[in-house]
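One structure below.
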Amino acid sequence: MNSIGRVTQLKADFFNRDPRRVARELLGKLLIRKTSRGVLAGRLVETEAYLGQGDDAAHSAAGKTARNAVLFGPPGYAYVYFIYGNHYCLNVSCLPEGVAGGVLFRALEPVAGIDQMAAARGLDFANESDVDTQKISFLKKIASGPGRLCEALNVTRERVNGKSFMSPRSDLRLVDDGFHVRRISVTPRIGIIKSAGYPLRYFVAGNPFVSGNSRFNNATSPSI
DNA sequence: ATATCGATTATCT
DNA sequence: GATAATCGATATG
């Protein structure tokens, strides 16, 4: 029930496309991370697209810097940034070298290594309020939100920025296990001021591990 | 269930 | 010096 069967790792061609299409098609894919304490994995249920041009919310909007260089590099590499003095956020670069674009990973449905991820998040299995580890209310605390996702998977800029998602035996991989997403919802992106309003947030409709709350999760526009 | 607010630092103006 | 692709705690309905 908890094992991952036959899988296909995503290749450069998958990422070498418009971030909106990549963001949409990443839903349902597995993000796999290896640590000294075992294999961690989750299914992507929420993403956001960040475009290179005309998207003032994107870190790449003002041009290439040391911080955002990965977004301008080849497709399929991890861009990790630190935000609000507290949190890391994980993205994958899209589009060919020289053209900026990326997808932010906002939420995972936990699949494997759940106890390790919970521990990395500081969640306590022995705590009375957390004692039912099968409950969605507990599992939702693991990786529902971009900062939580990074903490659960031991992702920091120092460890992960610039790393490929496409190497066969890497400790950071994106794979297709054949899971089919039924329906996708689209809303504006969360937590941004500039270029707000564009429908560039994608999530699996009805999935309980999507971040935010009802006020964010009413789908508006259809998109690509 | 929803709203508000403080934490804390890399990056850019 | 201001800002930020967030989170968790607290307060209130």
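Position in the first sequence counted from 1, then plus 4, gives you my numbering. Glycine is no exception: its CB is placed at the ideal position from the N, C-alpha and C atoms.
Between which two residues does the alpha helix (DSSP H) holding residue i run?
i      : result
Lys145 : Ile140 to Ala147
Arg163 : Arg161 to Val164
DSSP on residue i, reduced to helix/strand/coil?
i      : result
Asp180 : strand
Cys154 : helix
Phe18  : helix
Leu204 : coil
Arg24  : helix
Leu44  : strand
Leu2   : Past the edges of the chain, shown from 5 to 228, lies residue 2, and the structure says nothing about it.
Terminal residues of the continuous beta strand (DSSP E) containing residue i?
i      : result
Pro114 : Gly105 to Ala116
Asn37  : The question names Asn, but residue 37 in the sequence shown is Arg. From DSSP, the beta strand (DSSP E) with Arg37 extends over Leu34 to Thr39.
Val190 : Ile188 to Thr191
Measuring alpha carbon to alpha carbon, tell me which of the options ends up nearest residue i.
i      : options                           : result
Gly46  : Leu127, Ser148, Gly102 and Arg186 : Ser148
Asp17  : Val159, Gly56, Met170 and Asn72   : Met170
Ile197 : Leu143, Leu44, His63 and Ser40    : His63
Gly32  : Gly216, Asp60 and Asn211          : Asn211
Asn20  : Tyr81, Val49 and Ser40            : Tyr81
Val84  : Phe76, Leu94 and Gly77            : Leu94
Tyr206 : Thr12, Pro23 and Gln13            : Pro23
Please classify residue i as buried or exposed, where buried requires at least 16 neighbouring CB atoms within 10 angstroms.
i      : result
Pro172 : exposed
Arg70  : Per the sequence shown, residue 70 should be read as Ala rather than Arg. Looking at its Cβ environment, which holds fewer than 16 other Cβ atoms inside 10 Å, Ala70 is exposed.
Pro114 : buried
Ser141 : exposed
Gly166 : exposed
Pro79  : buried
Thr191 : buried
Is residue i near the ligand MG - that is, is its Cβ less than 6 Å away from at least one heavy atom of it?
i      : result
Val103 : Among the components modelled here there is no ligand, and therefore nothing to report on the ligand MG.
For the region 49-90, list the alpha helix (DSSP H) runs that are entirely contained and at least 4 residues long, ordered along the chain. Listed in chain order, they are 73-76.
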